[in-house]
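Chains as they are written, first to last, in our numbering: chain S, 304 to 783; chain L, 501 to 760. Cβ coordinates follow ideal geometry from the N, Cα and C atoms, glycine included.
Below, the structure is given as C-alpha cells:
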C-alpha cells in the first residue's frame, strides 16, 4: 500500500515537473513557437499603445487595417491630402510577440483613388509583405507571417511612386515583444516623425499639394511628430507623474530625413538602439534612421514641461518637430532647484560698472530755466531712468532697492548722492534702518539731467527740498 | 453669282469631307504617331496607329440602355467570373440607378469584361494603354504636354480631390484632340490594363527581364518626374478583370479602316 502511494506520488511529481518544463520551453528557433487560439489585434492611434503583451502565449493574431485617403490639417489653415493606415499618421500601432502568426487584412477603402500595399519591416519575406498585399480600392488582401525577431519595426506603403506614398503619411510601427514581454513601465507612448513636402512654403494656407521636386531634393517644408504640427503640444501633450517610468516607441517614417531624437531636460536611462536588442544607457540624443525606430526609456524625476525635438534644431522650431511631455508632481530641489536668484551680472567684476556705451552724453537740449522746469524735466528723467527700481513714489522695493522717499541716507549727504548717480554704487548700505546690498549702475544722464532729477527727488516725498545745480554736479564730477 | 457658286463648292466639299472621314458620332479622330511611353526607353518607342476615341467616358445612362438591351450584364444576372460583388452596387435595381446617382456621371463599378463587351456591342473596343496614354499626354494646345509643370499639376490635383467620380462628364475642357475628361474624373479601363507587368512589390520590378518592367518602379522609366503616370500604371497593375471600382470607368475607341 505504502509503496503504491509512493509510486503514485512519484508519478504525480514527475508529471507536474514535466508540465512545468513544457510551460517554460525555450525554442532555439522562434519559427517553432507553436500558436494556439485566434485573437483580434487591438490597434491604437498615436500617441496611444495597445495593452502590453506580457506573458501571453503566441497566438494567431488577426490584424485588420483600413487604408483611408483623407484631407487633414498640417497646421493652422494648411490642409494636406494624407494617405493613412487606419485613418491616422502615423498608422495604427500593432503590438505582437515573438512567435505570433499574424494574419494581416489590408483593406483599401472604396472611396480611395489609389492602390496601396504594406511593407512591414517585421516580416521575413519578399517585400516585407508588399508583394502579397497590393490592393486596389474597394478590395481587401490577406497574407500571413510569423514574427521571428523581437524588436520595434516600421511599416509603410511600397506602391509606386514609393516615396510619395511614404511622404503622404503611409507609415507606422509594429512591435514584436520578446518572450515574456517587455519590462513593465508606468507610461508608454507612440511617437513617429515624418517629413512633408508641399507646393507652398511652410505656413502657406489652403490645401497644399505634394511637391515631388522638393521631396527628391529632400527639402522638407514640415518635419513633424505624429503627422501634423502640434500633434503633441498643448492639450495634446503626453503626460506623466513624477517618479514614473516612461517608454517612448519612436519611429521615423521619413521618407527623407533622419531624426536626432531628443527630449530637452531628460536623459534617456535606456535606449533600445534602432529598436533592437542593443541597449545603450544614459543617452542624450538618439539617432533614428528613416525607416527605423528606437525604444527610449527614462524615469521622470521632476515636474515641468519637457520639450521633445528633433535636435536638428531648425526642424523643431521652424518646421514643426516639437512635442511636449508634461510632468506633474512634487518638486525635487535636490535634483533641480528651479530659479534661485536673479542677480545682476557684472562682467568687470564686483567694482563700479558702466553701461556698455560711449561716455559722450548728449546734454539736454533745453536747459531748465526755473525751479518748475527743473522739477518737470527731473520728473521725466526719473520716470525714464529711476522709476523701475525706486518706484513711482520713491518707495523702493523691500530687500532689493532702497527707498528715496524720506531717505535718511539720501538727505545726509548731497555730494555722496550726486556721486552715486554719476558713478553707480555697489555694496551694503543702510537706509532708514534697513540694510540693502544691491547694485546701482552708473546712469547715462547729462550734468543738467542729474541736476534736474536730483532736484525732483529732493523736492518730493518728504525729502530735504534741496535744489541741485549744474555746478554742484560738475564739482562732484571733478572731485572724483 | 460668284458667291452662290462658291457656296455650292463649299457645300459639296463639306458633304464630301464627311463621307471621306466618316467620323463616328461622339468620337474624334486621333492621328497616330510614334511616342515614348513612360515605361519605355529609347529603344522602346511605340507606334500608335490612327484611331477614333469617344469624346466622353461612358455615362450611367448610356450603360443603363446597355443593360436593358443585354440582360446578361444586369447585376443579378452577371456571372461572378466576369464581375465581383462590387459590380453596379450604386444601382437600386437591375436597370435603374440609385436616386443619388446622376445619369450624366461616368459609369463606374463596372468590370473589364463588362466594359469590353459594351464597346464591342457598339462596334468599338477598349483602348490599349498606349492609345490611352498617347491621347492623355495632350493638354489643350499640345500633343505632348508631359514636360509642362501645369499639365502634371492639374492631373495631380484631381488625385487629391475626393469623390470626383460623382461629377458629370464634360466639365473639363477638351484637349488637343477634342477629348474630354481623360484626367480629372475617373480612372479608365484599358484593353491591356495588366500588360505592364508589375507585382505588388513595386520596388523589385526593376529586376524583371521584361521590356515593360518598370511600369510601376521609378528606375529606368523615361520621366521620373511624371509621377502622375506612375500612379496610373500602379492602379492598372492592382486590378483584375472582374474588379469593379468606384473610381474606375471606361470609354471606347474604334479603328480607322485603311481604305474606304
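A residue is called buried once 16 or more other Cβ atoms fall within 10 Å of its Cβ, and residue 597 of chain S is buried on that count.
Distance from the Cα of residue 553 of chain L is smallest, within the candidate group L:647, L:636, L:591 and L:610, for L:636.
Residues of the segment 452 to 479 of chain S with a Cβ closer than 7 angstroms to any Cβ of chain L, in chain order: 461, 462, 463, 464, 465 and 467. In summary, residue 538 of chain S is exposed, with fewer than 16 beta-carbon neighbours lying within 10 Å of its beta-carbon over all protein chains present. When Cβ pairs closer than 8 angstroms are counted between the two stretches, the segment 505 to 515 of chain S is seen not to touch the segment 565 to 583 of chain S, the count staying below three. Relative to the Cα of residue 424 of chain S, the nearest Cα in the group S:457, S:762 and S:499 belongs to S:457. Under the DSSP assignment, residue 387 of chain S falls in the beta strand (DSSP E) whose first and last residues are 381 to 388. Against residue 730 of chain L, the close residues of chain S are 463 and 464, in the order they occur along the chain (beta-carbon pairs closer than 7 angstroms). For the 8 angstroms CB-CB criterion, residue 368 of chain S and residue 417 of chain S do not form a contact. Think of a sphere of 8 angstroms around the beta carbon of residue 743 of chain L: the chain S residues whose beta carbon falls inside it are 439, 441 and 442, in chain order. Contacts with chain S at 8 angstroms (Cβ-Cβ) include residue 662 of chain L. Shown in chain order are the members of the segment 363 to 384 of chain S whose Cβ falls below 7 angstroms from a Cβ of chain L: 384. Short of 6 angstroms from the beta carbon of residue 340 of chain S, and not among the five residues preceding or following it, lie these beta carbons of its own chain, in chain order: 362. Taking all protein chains in view, the Cβ of residue 571 of chain L is surrounded by fewer than 16 other Cβ atoms within 10 Å, so the residue is classified as exposed. Rounded to whole angstroms, the Cβ separation of residue 559 of chain L and residue 605 of chain L is 7 angstroms, and the two are in contact under 8 angstroms. Residue-level contact by beta carbon holds for residue 418 of chain S and chain L, with a gap shorter than 8 angstroms.
With a cutoff of 8 angstroms on beta-carbon distance, residue 553 of chain S and residue 610 of chain S are scored as not near each other. Of the residues S:781, S:429, S:761 and S:359, the one whose Cα lies closest to the Cα of residue 716 of chain S is S:761.
Residue-level contact check: residue 590 of chain L does not touch chain S, since none of the beta carbons of chain S fall below 8 angstroms from its beta carbon. Annotation: residue 604 of chain L is outside any beta strand (DSSP E) and is labelled neither H nor E by DSSP. Contact between residue 734 of chain S and residue 711 of chain S holds, since their C-beta atoms are separated by about 7 angstroms, short of 8 angstroms. The CB of residue 524 of chain S never comes closer than 7 angstroms to any CB in chain L; the least such distance is about 16 angstroms. Judged by pairs of C-beta atoms under 8 angstroms, the segment 626 to 635 of chain S touches the segment 532 to 550 of chain S, as three or more such pairs exist. Within the same chain, 658, 664 and 672 come within 7 angstroms of residue 684 of chain L by CB-CB distance, once the 5 residues on both sides are set aside. Here DSSP, grouped into helix, strand and coil, assigns residue 631 of chain L to helix. Taken in chain order, the whole alpha helix (DSSP H) runs of length 4 or more contained in the segment 392 to 421 of chain S number zero. A distance of 8 angstroms or more separates the beta carbons of residue 548 of chain L and residue 674 of chain L. Secondary structure at residue 463 of chain S: coil, using DSSP grouped into helix, strand and coil. In the DSSP secondary-structure assignment, residue 525 of chain S is bridged to S:499. Minimum Cα-Cα distance from residue 689 of chain L among the listed residues L:532, L:580 and L:628 corresponds to L:628. Secondary structure note for residue 340 of chain S: it is in no alpha helix (DSSP H), with a DSSP letter that is neither H nor E.
DSSP places residue 655 of chain L within a helical segment (H, G or I) once states are collapsed to three. For residue 728 of chain L, the enclosing alpha helix (DSSP H) has its first and last residue at 727 to 737.
At a cut-off of 8 angstroms, the C-beta of residue 746 of chain L has a neighbouring C-beta in chain S. In terms of beta-carbon proximity, residue 487 of chain S stays away from the interface with chain L, with every pair separated by 8 angstroms or more. Within the segment 557 to 618 of chain S, the beta strand (DSSP E) runs of at least 3 residues that lie entirely inside it are, in chain order, 562 to 566, 571 to 575, 582 to 586, 588 to 591, 595 to 602 and 607 to 613.
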